[in-house]
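Enquirer: Reading the sequence shown from the start, the letters are residues 1 to 797 in this note's numbering.
Even for Gly, the Cβ is constructed at its ideal location relative to N, Cα and C.
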Amino acid sequence: GVACIRATSGQKALDISKDVELAIIVIDVSMPEMDGFETVQHLKRRTKNKFTPVIFVSAVYNEEYYFIKGIESGGIDFILKPIVPKILLGKMRLFLDMYEQRLAIKSKVIEAEIEKDEIARSEHEFRNMFDHSPVSLWETDVHESYLFLQEIIDSGVDNLREYLKFNKDILKILFGKAKILAINNATKKLLKVESLDQMKGQMEVFVNEEYYLTLVDEIIAMARGDVTFEGESSLNDIYGNRLTVVVSWVSLPNKGKKYSNVLFSFLDITESTKTLKALKRATKKTELATIAKSEFLASVSHEIRTPMNGIIGMVNLLGATDLSEEQKEYLRLVKIGGSELLGIITNILDYSRIESGAVSFDKSLFNLKDCIKEVFDMSLDLIGDKKLELIYLIDLNIPEFIKTDLIILRKILLNLVHNAIKFSNDGEVFIHIQQATEEKGFISLNIGVHDTGIGIEKEDIVSLFKPFSQIEKGGTKHYNGAGLGLAITKKLVDALGGDITVTSHKNRGTTFTVKLEVEVETEVGNGAKLNKNHLAGKQVLIVNCKGNCKYMLKEQFGIKSIGVNSLEEAVVALNSGIKFDFALIDIVQNGMDGYLLASELKKLFPDKHLPLIMVNAEKEGVSISKTNSGIEAYIIKPLNIDVFRKMAYKVCGLTNLDTQVIHQLDRSLAKEFPLRILLAEDNYINQQLALHAFLIMGYSVDLANNGFDVMMALNKRTYDVIFMETQMPEMNGFETFEKILLRHGDNRPKVVAMTTGIDDNIRLKCIEVGMDDYIMKPLQLIKIQNVIKRVTLNTNR
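1) By how many angstroms is the C-alpha of residue 67 removed from the C-alpha of residue 512?
2) Using the C-alpha atoms, what's the distance from residue 75 back to residue 268?
3) Report buried or exposed for residue 733, applying the criterion of at least 16 other Cβ atoms within 10 angstroms of its Cβ.
4) Determine the direct distance from the alpha carbon of residue 95 to that of residue 133, and round the result to whole angstroms.
5) Ignoring anything shorter than 3 residues or poking outside the region 533-595, list the beta strand (DSSP E) runs there in chain order.
6) With a 10 Å radius around its C-beta and 16 neighbouring C-beta atoms as the bar for buried, classify residue 4 as buried or exposed.
7) From this set, 245, 605, 631, 602, which residue's C-alpha is nearest residue 615's C-alpha?
8) Quick one, which of 601, 389, 375, 385 has its alpha-carbon nearest residue 406's?
9) Distance, Cα to Cα, residue 701 vs residue 427?
10) In whole angstroms, give me the CA-to-CA distance for residue 250 and residue 51.
11) Where DSSP assigns a beta bridge to residue 679, which residues make up the other side?
12) Roughly how many angstroms lie between the CA atoms of residue 11 and residue 35, to the nearest whole one?
13) In this structure, does DSSP put residue 184 in helix, strand or coil?
14) Buried or exposed for residue 767, please, with buried defined as at least 16 other CB atoms from any protein chain shown within 10 angstroms of its CB.
15) Tell me which residue opens and which closes the alpha helix (DSSP H) that residue 233 is part of.
16) Considering only residues of the same chain and omitting the five flanking positions on each side of residue 594, which have a CB-CB separation below 7 Å?
17) Excluding the 5 residues flanking residue 475 on each side, which residues of the same chain have their C-beta closer than 7 Å to its C-beta?
18) What residues are listed by DSSP as bridge partners for residue 754?
19) Tell me which residue opens and which closes the beta strand (DSSP E) that residue 501 is part of.
20) Taking the alpha-carbon of residue 687 as reference, which of 634, 592, 740, 784 has the nearest alpha-carbon?
21) Nearest CA to the CA of residue 396: which residue from 230, 434, 124, 332?
22) If you check the beta carbons only, do residue 422 and residue 492 fall under 8 Å apart?
23) Which one of 56, 41, 393, 125 has the shortest CA to CA distance from residue 27?
24) Does the distance from the CB of residue 678 to the CB of residue 722 come in under 8 Å?
25) Exposed or buried, residue 296, counting other C-beta atoms within 10 Å across all chains shown (16 or more means buried)?
26) So residue 398 is in the beta strand (DSSP E); what residue range does that whole segment cover?
27) Out of 490, 786, 237, state which residue places its alpha-carbon closest to the alpha-carbon of residue 186.
28) To the nearest whole angstrom, what separates the beta carbons of residue 553 and residue 540, a pair I think is in contact under 8 Å?
29) How about residue 259 and residue 163: are their beta carbons less than 8 Å apart?
30) Does the structure place the region 268-283 close enough to the region 216-225 that three or more beta carbon pairs sit under 8 Å?
31) What's the C-alpha gap between residue 388 and residue 425?
32) Skipping 5 residues on each side, what residues in its chain have a beta carbon closer than 6 Å to that of residue 663?
33) Can you check which of these residues, 128, 231, 750, is closest to residue 84 by C-alpha distance?
34) Quick one, which of 93, 53, 565, 579 has its alpha-carbon nearest residue 78's?
35) Near residue 736, what residues of its chain come up, given a Cβ to Cβ distance below 6 Å and the 5 sequence neighbours on each side ignored?
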C-alpha cells in the first residue's frame, strides 16, 4: 500500500511533511493562507523533495499563464477539474513507479557497494512494471521533432496553430521525426500488433485524421515548453478499427536533450464513448416519445372532454326540471362523477404538457382580486353540500394590479383551493395574500391557502408533490383523484421561479404557502386604495359567520366586530350598550333559520336602527323580503369584498366608491376643450369603456379598429386627438403613427398611445417616436380625462 499524507492548507502541508521524503505531490492551486504554487516552491527547497513530481489540480486556473507558473514552481503536470479518477490514478501509478525506481537509483549512488546485478535487476523491475501496466505506454524520443519545430518558429511563423492546420505535411514530418523507443504489452493489445517493429513499419495505419487534429494541440504545448499534455483523440488499430483514447504525456528530465524522454499513455475510452452516444440517442428518443405522448393525450383528452362537457351540461339542464328527491340524488352523483372524471383528464393532460416542456408562459397585467374571484367562482360547484366558506384577504399594501402569467397563477390557486375543498367538510378555505419584500418594480408575495380539513401527518408531507402520490392513511382512501394536482402545482410554481411549502396539523387543517415574485406598475395603481375608506371604525354584529370573517373585515376595512353564535347571544350583545352600525347574519344558524333570527331581532328591538345584511350560499330562489324579516341587503357566498363594500355603504347611507369615480369626471370638459377625437382600439370592452368616459365628458368620438381604419378616417375628417392602441392587428400603432407623420407632418393631430404592458421600453418608444402622451391599460376613466387636459394644454410637441 501507499502511505498518504493529507493537508488542508499550504502551511499544514509544510508542517506535516517537514521530515518526510515525498514520492509524489498532488496539490490544489486554490488553498487558504498559501496557494499551491508557493507551497510547492517551499517543498522543492527541501533536499528530500527537490525531484518529487508534482501534479497541480484546479477548477478555475485553466489559462496558459497558470500552467507555466505551475511548471516554474516545480510541477510536471496540471489537471483540470472535474478529475477523471482513472487518469489521475494512472499518472500517480506511473510517478510512484518512477519514484521507486529513483529510490533504487539513489540507493545505488549512495551505496557504492551495490552490485551491478542489483542495478540490472532494478532496471528489469522497472521494465517489467512498464510492460505490464494496464495503460498503453510509449517511451518516445521527440527531441528531433522539437528541434524541427524550433526551426519553424524561428522562420517567422506568426500563428503557429493556423500554420499547422493548413500544412498537414508539416504535421506528418513532425510526427515522423519522433522515435518510439519502447511500447508495453497494453499497447500491443490495444493496437493488435505483435512487436514494436511491426508498429513502426505501419505507423500510417494507426494515425488517423482526428489524431492529427490533436497533434496540433500537442505541438502547441511543446512550443510553450509544457512538460505535460492531456487531450481526447483517436487512433486506429492495425485492422483500421477506430479507437477513442485519452492521450497524455509527460516529458521526463534529460540534461541537454529536451523532450528526448517522453512517456506517452493512451487510455482506451472507446466503449464508454459508445455508451455515452447511445445514451444521448436514447434521451432523444425519450424526448420524442414524450412529445408524441403529450400530443396523443391532448387529442384523446379533447375527444373525451367534448362529450363529457356535453353530458355535464345536460345534467345541469335536467336538474332544473321537476324531479323526485331520489332522481335528484342520482343526478347529483352523476354530476360529481362527471366533474371528477373531467378533472382527472385535465390534470393528466396538464402534467403531460409540463413534462414535455409544452407549457408556454405569457406575462400580463391583471387585477389580482379578479383572479381570486374567478378561482372561487370556478370552485363553488365542488363544495356541494359541504358547509364550507370561501374567504380571501389581500393586504392593503399590495397593488391592485400585478404582472405575471395570469393563467398559470390561476391554475395554481385553483389546484390548491380544490385540494382544500376536497379534504374539508366544514369550516373555511381562506386565501391570504401578503407582501414579503419589495424592490423597484417588483414585489415578493406570500400566497397562503388555508383549510380546516383533515390535515396531514408530518411524515406524509414529503411525498405530497410527487406525481400519482396519494396519502392513504387515517381513512383517506375514499378521496378520489389521480394524485396529480399538487405535482402539477409544484411544477407550475417552479416554472414561475417561486417556491411552495406546506404546514399541517392532523384534524386541524393545512396551509400551502406559495412564495412568488411579480412585477408591479405604480401608475396602474390601487384603484380602491385611492378612495377614502368610509367603513373604518364601524361597529358590526356578526351572527354565526365563521372562520376568518372578522379578521378579514378588520384588516380590509378597519371594521370593529363582535361575533355571536345564537339569537340569545345576539340579544345580549345588543343590550350591552354598544351601538352597532349594522349586523351580518349567516342564513344557516344553529337551530334557527337566518330569516327567522332576523325577524326576531326586529321584533325584540323595534326602536333600534340596525340594518341587517344576510349572507347565503344559495345563488337562486331567495328573496330579500322573505318572511318580512327586515333584511336590507343580501350577499351571496363566497364573501366578495367589493360586494360587501357596496352593501355596507348602502345600509350605512354612504356613497359608493364607483359613483365617486364617475363624479370626478368633468361633465363639461367638452365645452372647455372642444375636440374632435378618434379612438383606435380593437378590443370591444376597452372600446366601450373609453366611449363611455368620453360620453360622460361630453365628447362624441369616432371609432377605428386598426391602423388602416385610422388612415381612412383621416382622409375623411380632421381630428384634434387620436387615442391609439399600440398593438392593433394588421397595422399596429407605431406603424400607423409613422404613416401619419409622413402624410401630415407638423399639422398632424396629437396622438395618445394606449399600451397594455408595463415595460419601460414600450413607454420610451412612444416618447422616442414623437407621440404626445400615453396611457396605461387597464383604462381608468379619470386618467383619460387627465390625458385630454395634458395634451390640449401642452402646445409643444
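Expert: In short:
1) Along the sequence shown, read from residue 1 onward, the residue named residue 512 stands at position 512. Along the sequence shown, read from residue 1 onward, the residue named residue 67 stands at position 67. Roughly 53 Å separates the two Cα atoms.
2) By 1-based counting over the sequence shown, the position of residue 268 is 268. By 1-based counting over the sequence shown, the position of residue 75 is 75. Straight-line Cα distance between these residues: approximately 26 Å.
3) On the sequence shown, position 733 is the one that residue 733 refers to. By the neighbour-count rule (16 or more Cβ atoms within 10 Å), residue 733 is buried.
4) Your numbering for residue 133 matches position 133 in the sequence shown. Your numbering for residue 95 matches position 95 in the sequence shown. Distance between the alpha carbons of residue 133 and residue 95 is about 12 Å.
5) 539-543, 560-564, 582-586
6) Position 4 of the sequence shown, counting from 1, holds the residue named residue 4. Answer is exposed; the Cβ neighbour count stays below 16.
7) By one-based count along the sequence shown, residue 615 stands at place 615. Per the Cα distances, 631.
8) Sequence index remark: in the sequence shown, residue 406 carries index 406 (1-based). With distances taken between Cα atoms, residue 406 lies closest to 375.
9) Locating residue 701 in the sequence shown gives position 701, where the first residue counts as 1. Locating residue 427 in the sequence shown gives position 427, where the first residue counts as 1. Residue 701 and residue 427: Cα-Cα distance of roughly 52 Å.
10) Here residue 250 corresponds to residue number 250 of the sequence shown, with the count starting at 1. Here residue 51 corresponds to residue number 51 of the sequence shown, with the count starting at 1. For residue 250 and residue 51, the distance between alpha carbons rounds to 15 Å.
11) For the purposes of this step, residue 679 is identified with residue 679 of the sequence shown, where counting begins at 1. 703, 723.
12) Taking the first residue of the sequence shown as position 1, residue 11 is located at position 11. Taking the first residue of the sequence shown as position 1, residue 35 is located at position 35. Each residue's alpha carbon lies about 10 Å from the other.
13) In the sequence shown, counting from the first residue as 1, residue 184 sits at position 184. Here residue 184 sits in coil by DSSP.
14) Position 767 of the sequence shown, counting from 1, holds the residue named residue 767. Under this definition residue 767 is an exposed residue.
15) Residue 233 sits at position 233 when you count from the first residue of the sequence shown. Per DSSP, residue 233 belongs to no alpha helix (DSSP H); it is in the beta strand (DSSP E), 228-236.
16) Looking up residue 594 in the sequence shown gives position 594. 585, 586, 587, 588, 614, listed in sequence order.
17) Reading the sequence shown from its first residue, position 475 is the one you call residue 475. Here residue 475 scores only 44 on pLDDT, less than 50, and its place in the model is too uncertain to base an answer on.
18) The residue you call residue 754 lines up with position 754 of the sequence shown. Paired residues: 725, 775.
19) Translated into positions along the sequence shown, residue 501 becomes position 501. Residues 499-505.
20) For the purposes of this step, residue 687 is taken as the residue at position 687 of the sequence shown. It is 784.
21) Against the sequence shown, residue 396 aligns to sequence position 396. Looking at the Cα atoms, 434 is the closest of the given residues.
22) Along the sequence shown, one-based indexing puts residue 422 at 422. Along the sequence shown, one-based indexing puts residue 492 at 492. No, the pair does not count as a contact, with Cβ atoms beyond the cut-off.
23) The sequence position of residue 27 within the sequence shown is 27, counting from 1. Here the closest residue by C-alpha is 56.
24) By one-based count along the sequence shown, residue 678 stands at place 678. By one-based count along the sequence shown, residue 722 stands at place 722. In contact: residue 678 and residue 722 (Cβ atoms closer than 8 Å).
25) Taking the first residue of the sequence shown as 1, we reach residue 296 at position 296. Exposed, by the Cβ-count rule.
26) Here residue 398 refers to the residue found at position 398 when the sequence shown is read from its first residue. Where residue 398 is concerned, there is no enclosing beta strand (DSSP E), given that its DSSP letter is neither H nor E.
27) Taking the first residue of the sequence shown as position 1, residue 186 is located at position 186. Of the candidates 490, 786, 237, the one whose C-alpha sits nearest the C-alpha of residue 186 is 237.
28) As a first step, residue 553 must be located in the sequence shown, where it is residue number 553. As a first step, residue 540 must be located in the sequence shown, where it is residue number 540. Contact flag correct, Cβ pair sits at about 7 Å.
29) As a working note, residue 259 is residue 259 in the sequence shown. As a working note, residue 163 is residue 163 in the sequence shown. No.
30) no
31) Here residue 388 refers to the residue found at position 388 when the sequence shown is read from its first residue. Here residue 425 refers to the residue found at position 425 when the sequence shown is read from its first residue. Residue 388 and residue 425: Cα-Cα distance of roughly 7 Å.
32) Taking the sequence shown and counting its residues from 1, one reaches residue 663 at position 663. Any reading at residue 663 needs caution, since the residue's pLDDT is 47, under 50, leaving its predicted position unreliable; the model's value is listed next. Hits under 6 Å: none found.
33) Within the sequence shown, residue 84 is the residue found at index 84, counting from 1. If we check each option's Cα against that of residue 84, 231 comes out closest.
34) Taking the first residue of the sequence shown as position 1, residue 78 is located at position 78. Among 93, 53, 565, 579, the Cα nearest to that of residue 78 belongs to 53.
35) Along the sequence shown, one-based indexing puts residue 736 at 736. Excluding residues within five positions, the ones whose Cβ falls inside 6 Å are 707, 710.
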